[in-house]
Each structure stands twice: as structure tokens, then as C-alpha cells.
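17 is the number of the first residue of the sequence shown in my numbering; add one for each residue after it.
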Amino acid sequence: MIFSTHVLHPEVTARLSAMGDYRVASAPTAAAILAEGTGAEVIVVRTDVPPAYFTAATGLRAAVRHGAGLDMIPMADATAAGVIVANVPGVNAATVAEYAIFAAIALRRQFRAMDHALRDRGWAAGRAFADTGRDLGGATLGILGFGNIGQALHRMALGLGMPVLAHTRRPDTLPAGVGARSLDALVAEADVLVVCCPLTAETRGIISAARIAAMKPDAVLINVARGPLVDTAALTAALQAGHLAGAALDVFDVQPLPADSPLFALPQVILTPHAAGITADSMWRMGMGAADEVARILAGGLPLNFCNPDVLPAYRARFPG
Numbered sequence: 017m018i019f020s021t022h023v024l025h026p027e028v029t030a031r032l033s034a035m036g037d038y039r040v041a042s043a044p045t046a047a048a049i050l051a052e053g054t055g056a057e058v059i060v061v062r063t064d065v066p067p068a069y070f071t072a073a074t075g076l077r078a079a080v081r082h083g084a085g086l087d088m089i090p091m092a093d094a095t096a097a098g099v100i101v102a103n104v105p106g107v108n109a110a111t112v113a114e115y116a117i118f119a120a121i122a123l124r125r126q127f128r129a130m131d132h133a134l135r136d137r138g139w140a141a142g143r144a145f146a147d148t149g150r151d152l153g154g155a156t157l158g159i160l161g162f163g164n165i166g167q168a169l170h171r172m173a174l175g176l177g178m179p180v181l182a183h184t185r186r187p188d189t190l191p192a193g194v195g196a197r198s199l200d201a202l203v204a205e206a207d208v209l210v211v212c213c214p215l216t217a218e219t220r221g222i223i224s225a226a227r228i229a230a231m232k233p234d235a236v237l238i239n240v241a242r243g244p245l246v247d248t249a250a251l252t253a254a255l256q257a258g259h260l261a262g263a264a265l266d267v268f269d270v271q272p273l274p275a276d277s278p279l280f281a282l283p284q285v286i287l288t289p290h291a292a293g294i295t296a297d298s299m300w301r302m303g304m305g306a307a308d309e310v311a312r313i314l315a316g317g318l319p320l321n322f323c324n325p326d327v328l329p330a331y332r333a334r335f336p337g
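Right under this line is the structure:
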């Protein structure tokens, strides 16, 4: 059985169905995954998988992430159970980068406030926001994390005439024209700060209250990575106090975002439901990439994007053929 935590693109569904018994969870919850998916040979992952699943699913060969981020898969548990983990990196990087560029323009030009003023108070009220809007060209882009998304952002920023700075674990790999910065220097110099690094024990809370306070008062912050990278309480307080021109948040500490979140009351904040990387086009690419990996594994091969290669001896012991 091939088990998916979510409904996938129709063409991907057809392809996986042609490989064998394909089933989709009745809900994207731990309870449904444990109740319905333990007979799977491969699970396609778009939500958090409970650690207990990997001991319960005794015939499981692989967990294939429908996307890049691995925080939805408890890697230690998968590896301990002799289960391969694969992902599909990079296929929605340009989609996420487009979102970040759109958000930066919308925040700097105050489109949300302009739209509301025009609808509620008329032409002149909306037009007044144009006088205080700012161009994106010439603004300094700060990129935290220079993986596939950061690289796509850099390419787009070049076309807009934005100076680009970045903080990464490997500053020696940055392309010519990208200024390497310490994290503290990056947050202090950026007009637009985009958070696009992985969530790890080391990066949790990396955009702290002190770093938010060090940002320019007219800067904007865009988080397209994971909510816990940013101190949400400190960011909310800074926005309420008028420090920062705005923020665009696609990810949150708790998802779905609670209805009583104070972020909903902030007019200079763009909120989206973890959708920066989702379009019909990117979902097709991610789904087909995941299906490619499923096909390789079911045919007895190894995935192209093998995330836990140290599992191989245990995997071979479980599936010696």
C-alpha cells in the first residue's frame, strides 16, 4: 500500500494509483495516520507523522516528504525503525521566492492599507498611502538561509536592482555580489529580511527580541520557513509599537493560527495559511517528484534524495532482496 497524509494533485494521484493500492488519510491527523496507514510500504508526508507510526508500520519501507522540510518526519524514529526518508528539495523554491518578493512589494507600498482605505473611505484616502510607499529597487534584501529558496530570491532580487546580503553556515559558497554577514549585522542592515532557513534546535528562536529590536524601524520581516524561528511575541509587540513597517507571515508557532491571535488586529501584517510554496504548478512538481521517489523505492532501488543514508544497513536487513 502507498499511503498519503493528504489528497495530492490529480495527475499524481493517478500515477501513484497505477503503482498499487493507493490510499489517502481521512484526515491529516496523527490518529488517522495510526489508524489507517500502518499497512503501508511507503507513506507520502504532508503533515506531522507521530513517532509511534514507525514502530506500528512494520512493513514500511520509506517516508517520502512531499516537499523539502523534514521537520514533519521524526528522523531518529524513522532511522531506528530501519525506514528510508526521502524528500523533494527545490521544486517549489521559486514559488516561495515569488511570494516573498510579492510580500515585500505589498508591504513597502502599503497595498493592504491602501486597498482598505479606498474601499472604506474613498479614492483620496486610498491614494494618500502612495506618498509614503517605498520602491523595492534599491532596498537591501537580507536573506537568512541561502538554500534553494535563498538562491531563487537572490536571482529575482538582481532583476529588481536590490543589493543582497545573506547569512549562511557556508559563507564561502555565496555567489559573487552577495554580501556575507553575521546574523546580527544582517538584521541591522536589511530593509527587507526574509527568513528561509530550516528549523533546528540551533535555529529555534533565532530571530529573537533583541534582533527584532535591532532591525531598522522602517524594515519589513517576511517568514516563509517555520514559525518558531521568530519570537512571535516580540515581533507582535514591535509591530504594535510601530517598530518595523510591517511583516508577512506564512508560518506560525501554532498552526492553524488561533482565532484570538493579536496578529489579526495588525493592519501592517500580511497573514497566509502556510501557502507560500503552494500553487497548482508547484504541487504538480512536488507530487511528481515524490512519485518518482516512491517508484524507485518500490522497484527495489534507493531514492535520489536520500535523507538518512545511515539507515541503509538496517533497511537492507529488513528488506534483503
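We put the CB at the ideal spot given by N, CA and C, even for glycine.
Beta-carbon gap between residue 130 and residue 145 smaller than 8 Å: Yes, they are a contact pair.
The segment 153-165 / the segment 192-212 touching (three or more Cβ pairs under 8 Å): Counting C-beta pairs with one atom in each stretch, the segment 153-165 and the segment 192-212 have three or more that are closer than 8 Å, which means they touch.
Under the three-state DSSP convention, the category residue 153 falls into: Residue 153: coil per DSSP, three-state reduction.
Residue 142 classed as buried or exposed, judged by whether at least 16 other C-beta atoms fall within 10 angstroms: With a 10 Å radius around the Cβ and a threshold of 16 neighbouring Cβ atoms, residue 142 comes out buried.
Minimum length 3: unbroken beta strand (DSSP E) runs contained in the segment 138-218: With a minimum length of 3 residues, the continuous beta strand (DSSP E) runs that stay inside the segment 138-218 are 157-160, 180-183, 194-196, 208-211.
Residue range of the unbroken alpha helix (DSSP H) whose run includes residue 30: Here the alpha helix (DSSP H) through residue 30 covers 26-35.
Proximity winner among 58, 227, 97, relative to residue 199 (alpha-carbon distances): Among 58, 227, 97, the Cα nearest to that of residue 199 is on 227.
Contact under 8 Å by Cβ, residue 291 with residue 266: Contact flag set, yes.
Among 40, 297, 220, 235, the one whose alpha carbon lies nearest that of residue 151: In this structure, 235 is the residue among 40, 297, 220, 235 with its C-alpha nearest to the C-alpha of residue 151.
Whether residue 39 touches residue 57 by CB criterion (8 Å): No, the Cβ-Cβ distance between residue 39 and residue 57 is not below 8 Å.
Residue 18 vs residue 327 beta-carbon contact at 8 Å: No, they are not a contact pair.
Those runs of the alpha helix (DSSP H) which lie wholly inside the segment 67-151 and span at least 4 residues: For the segment 67-151, whole alpha helix (DSSP H) runs of length 4 or above, ordered along the chain, are 69-72, 91-96, 109-124, 127-137, 139-143.
When 333, 240, 320, 204 are compared against residue 81, the one with the closest alpha-carbon: Residue 320 is the option with its Cα nearest to residue 81.
For residue 268, the three-state DSSP class (helix, strand or coil): Looking at residue 268 - three-state DSSP - the assignment turns out to be coil, as it is neither helix nor strand.
Short Cβ contact (8 Å threshold) for residue 106 with residue 124: Residue 124 sits away from residue 106, with the two beta carbons spaced by 8 Å or more.
Inter-residue spacing [alpha-carbon to alpha-carbon] between residue 323 and residue 102: Computed Cα separation, rounded: 5 Å.
DSSP state of residue 334 mapped onto helix, strand, coil: Residue state, collapsed to three classes: helix.
Beta-carbon separation (whole angstroms), residue 59 vs residue 76, contact threshold 8 Å: Right, the Cβ-Cβ distance comes to about 7 Å (below 8 Å), so this counts as a contact.
Alpha-carbon spacing of residue 249 relative to residue 233, whole angstroms: Computed Cα separation, rounded: 17 Å.
Exposed unless 16 or more other CB atoms sit within 10 angstroms - verdict on residue 188: Label assigned to residue 188: exposed.
Range covered by the beta strand (DSSP E) that runs through residue 287: Residue 287 -> beta strand (DSSP E) spans 285-287.
Span of the beta strand (DSSP E) around residue 20: Residues 18-20.
Chain-order list of residues whose beta-carbon lies under 6 Å from that of residue 238 (same chain, five-residue window excluded): Excluding sequence neighbours, residue 238 sits near 116, 119, 210, 264.
Where residue 305 sits in the DSSP three-state scheme: In the three-state reduction of the DSSP assignment, residue 305 falls in the helix class, which pools H, G and I.
Buried versus exposed, by CB contacts within 10 Å (16 or more), residue 31: Counting Cβ neighbours within 10 Å, residue 31 comes out buried, since at least 16 surround it.
Nonlocal neighbours in the same chain, by C-beta distance under 6 Å from residue 202, ignoring five residues either side: In its chain, beyond the 5 residues on either side, 158, 181, 183 have a beta carbon closer than 6 Å to the beta carbon of residue 202.
CA-to-CA distance, residue 282 to residue 50, given in whole angstroms: Rounded to whole angstroms, residue 50 to residue 282 spans 39 Å at the Cα level.
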